[in-house]
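Colleague: So the sequence shown is numbered by this note's numbering: it starts at -6 and just counts up by one. Below is one structure. I have some questions about it.
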Amino acid sequence: MKEIVLSGIRATGQLHLGNYYGALNKFVRMQDDYNCYFFIADLHALTTHPDPTILHANVKSILSEYLAAGIDPDKATIFVQSDVPEIPEMYLLMNMHVGIGELMRTASFKDKARKQLGIKTDNDNDDIEREIIGNNSNKRVNAGLLTYPTLMAVDILIHHATKVPVGKDQEQHLELTRRFARRFNSVYGVEYFQEPENFNFGGEAIKVPGLDGSGKMGKSEGNCIYLLDDEKTLRKKVMRAVTDEGPKVPNQPMAEPVANLFTLLKIVSAPDVVDHFTEAYNNCSIRYGDLKKQLAEDILKVTTPIRERIIGIRNDDAYLSQVVKQGAEKARESASKTLREVREIMGIKRFF
Ligand code: TYM
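See the structure below:
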């Protein structure tokens, strides 16, 4: 039997190169060898209050991007999270075994809670717990944000997935998933859930940097190159990437913005291209403009065909509906079996 794979992307906007290299590209490469479930996390998107008039459009655009990138609905199960009502029910059951303390210590929660409260620092020492409990203003941190990792754990465990292709930023959530799985097994004295792990074809988890000098590429960072960016926009974004005034002595350590450009080059370009620019940096002959031109070229080679396919399918409502209808049926089949067993294990039995 094929090993089970599950992963998803929040419906919060168009997909960028971080989503592509951290997740989507791996989805496509895994679909032949594994029993794959790939979904669109619209319930997770609600934790940051998207405008109701655009949520559905976001779901549709991610669905088109999945298909355009090469996920084949006849090989992998593609579904929308909210089409599977077994997920929220199991989320309620799983929450009974999750501590609010461990949720409050999650880095992504602290980060988003600070944003919801309007706290500017990301200093790990600020007492976010006290801020949350003591805050009387109309700014509140929603409970869905706190229990985000429970929902994510349920997404994975409800299909008994053991491999979860995600980027580096999701590793803490995966660690919590493993912890909840172990806890469930030990509370009920069963060997029911297996512990899932990140999957990266044997390599390290990926973090695609932004081109604005520091940190990762992210929708809320405003530093993204989108799969849907047209050629002109994309070239402009790459040419504007932050650098420095260039190396002054041979083998000078790279400043973060330059190191980020090389990280992206390593992800996107062929090894000989990387070697060429690394050598040029090390012997101080590098011209960042050349590096950027090459980088833009290599990104376009990947994104242009995907972009054309996105444009080709994103308005084909009949096809998109059919894909997720078929996906929801398959996902519900597997999810309802798990939910039935979890209810049994927890002592909830039907009278009728
Ligand atoms: P989300 O929607 O933030 O991101 C989707 C995927 O893209 C990856 N990613 C990156 N990888 C490398 N570099 C980057 N700069 C970068 N930015 C984003 C993320 O690691 C992720 O793999 N909680 C998840 C969605 C989710 C999920 C799940 C994932 C909900 N339930 C169950 C796997 C399994 C999230 O917010 O991803």
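Backbone N, C-alpha and C fix where the C-beta goes; we use that ideal spot for every residue, glycine too.
(1) So, under 8 Å CB-CB, residue 149 and residue 36 are touching, yes? Tell me the CB distance rounded to an integer number of Å.
(2) How would you label residue 213, buried or exposed, when you count the other beta carbons within 10 angstroms and need 16 or more for buried?
(3) Please tell me whether residue 33 and residue 52 are closer than 8 Å, where the distance is taken between their beta carbons.
(4) Using only alpha-carbon positions, find the residue among 317, 247, 334 that is nearest to residue 277.
(5) What residue range does the beta strand (DSSP E) around residue 102 cover?
(6) Three Cβ pairs or more, each shorter than 8 Å: is that satisfied between the region 245 to 264 and the region 199 to 208?
(7) Using only alpha-carbon positions, find the residue among 46, 183, 293, 77 that is nearest to residue 335.
(8) If residue 227 sits next to residue 313, beta carbons under 8 Å apart, how far is it from one beta carbon to the other, in whole angstroms?
(9) Apart from the five residues on each side of it in sequence, which residues of its chain come closer than 6 Å, Cβ to Cβ, to residue 327?
(10) Sort out for me which residues DSSP pairs residue 190 with in a bridge.
(11) For the beta strand (DSSP E) containing residue 172, name the first residue and the last one.
(12) What I want to know is whether the C-beta of residue 14 ends up closer than 7 Å to one or more non-hydrogen atoms of the ligand TYM.
(13) For a test of the three-state rule: what should DSSP assign to residue 216, helix, strand or coil?
(14) Is it the case that the CB of residue 145 approaches a heavy atom of the ligand TYM more closely than 7 Å?
(15) Considering Cα atoms alone, identify which of 330, 13, 135 is closest to residue 161.
(16) Out of 17, 175, 230, 140, state which residue places its alpha-carbon closest to the alpha-carbon of residue 56.
(17) How far does the alpha helix (DSSP H) with residue 39 in it extend, from its first residue to its last?
(18) Assign residue 85 to buried or exposed, taking buried as 16 or more other Cβ atoms, counted over all protein chains shown, within 10 Å of its Cβ.
(19) The ligand TYM heavy atoms versus the CB of residue 257: any closer than 7 Å?
(20) Does the ligand TYM have even one heavy atom less than 7 Å from the beta-carbon of residue 23?
(21) Would you tell me roughly how many angstroms separate the C-alpha atoms of residue 249 and residue 234, rounded to the nearest one?
(22) Sorted by chain position, which residues of the same chain lie with C-beta nearer than 6 Å to residue 109's C-beta, five sequence neighbours on each side aside?
Modeller: So, from the data block:
(1) 14 Å between Cβ atoms; not a contact.
(2) exposed
(3) yes
(4) 247
(5) Unbroken run through residue 102 is the alpha helix (DSSP H), 100 to 110; no beta strand (DSSP E).
(6) yes
(7) 183
(8) Actually they do not touch by this definition, with Cβ atoms about 25 Å apart.
(9) 152
(10) 156
(11) No beta strand (DSSP E) contains residue 172, which is instead part of the alpha helix (DSSP H) from 164 to 181.
(12) yes
(13) coil
(14) yes
(15) 13
(16) 17
(17) Premise fails: residue 39 is in no alpha helix (DSSP H) and is neither H nor E.
(18) exposed
(19) no
(20) no
(21) 12 Å
(22) 134
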